[in-house]
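Enquirer: Attaching a single structure in structure tokens format; questions to follow.
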Amino acid sequence: MNCRACSDPGKMPVFYQKVYAITARIPRGKVASYGQIASLAGNPFAARAVGNAMKQAPEMLSLPCHRVVRQSGELTACRSFGGAGGQRKLLEAEGITFRENGYVDMKQHQWKTEG
DNA sequence: TCCTTGACTTGTC
DNA sequence: CGACAAGCCAAGG
549 MNCRACSDPG KMPVFYQKVY AITARIPRGK VASYGQIASL AGNPFAARAV
599 GNAMKQAPEM LSLPCHRVVR QSGELTACRS FGGAGGQRKL LEAEGITFRE
649 NGYVDMKQHQ WKTEG
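Rendered as structure tokens:
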């Protein structure tokens, strides 16, 4: 663990700062996919880079990374939220509903920037 | 500069 | 639905 941001977020790469800014823009009760964020960042195909940005996202920014899910609605590697299922509880607390398969209902909670 | 890594996405079997 | 492969991008060594 050597996140440069652990010392100063201003030292983070440009792309990362965008991802953080966008992720922070995710309204409560909504979820955004990596592709969504990547697109807002300027690269709709940089979903992987977005994931990396989230991974390095310093907790000091309190980024709602738990609102970031896959395009399919499946949660991320929530191993960072205090154990598998922790992310789901957080989202449920936000008012987000889940399908019986455990996926987020993107049709209802997918963050739409057009609105 | 090149290669590797990764919390992604889509298409095919 | 599950598993595999190909393609996209940025950061780090």
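For the first sequence, the residue numbers in our numbering are 549 to 663.
Even glycine gets a Cβ: it sits at the ideal position worked out from N, Cα and C.
Just the Cα atoms here: how many angstroms apart are glutamine 635 and phenylalanine 646?
Expert: Counting from 1 along the first sequence, the entry for residue 635 is found at position 87. Counting from 1 along the first sequence, the entry for residue 646 is found at position 98. In a straight line, the C-alpha of glutamine 635 is about 12 Å away from that of phenylalanine 646.
Enquirer: Please look up how many angstroms separate the CB atoms of alanine 601 and valine 579, rounded, as I've assumed it's under 8 Å.
Expert: As a first step, residue 601 is located in the first sequence; it is residue number 53 there, counting from the start. As a first step, residue 579 is located in the first sequence; it is residue number 31 there, counting from the start. At roughly 17 Å, the Cβ-Cβ gap does not stay under 8 Å, so alanine 601 and valine 579 are not in contact.
Enquirer: Just to confirm, are tyrosine 582 and valine 562 a CB contact at a threshold of 7 Å?
Expert: Counting from 1 along the first sequence, the entry for residue 582 is found at position 34. Counting from 1 along the first sequence, the entry for residue 562 is found at position 14. No, Cβ-Cβ distance for tyrosine 582 and valine 562 is not below 7 Å.
Enquirer: Determine the direct distance from the alpha carbon of phenylalanine 593 to that of glycine 577, and round the result to whole angstroms.
Expert: Residue numbering aside, residue 577 sits at position 29 when the first sequence is read from its first letter. Residue numbering aside, residue 593 sits at position 45 when the first sequence is read from its first letter. Cα to Cα, the separation comes out at about 25 Å.
Enquirer: From alanine 641 to glutamate 622, what does the alpha carbon distance come to, in whole angstroms?
Expert: Walking along the first sequence from the start, residue 641 turns up at place 93. Walking along the first sequence from the start, residue 622 turns up at place 74. Using only the alpha carbons, I get a separation of about 17 Å.
Enquirer: Can you check whether the CB of threonine 661 is closer than 7 Å to the CB of leucine 611?
Expert: Counting from 1 along the first sequence, the entry for residue 611 is found at position 63. Counting from 1 along the first sequence, the entry for residue 661 is found at position 113. No, the pair does not count as a contact, with Cβ atoms beyond the cut-off.
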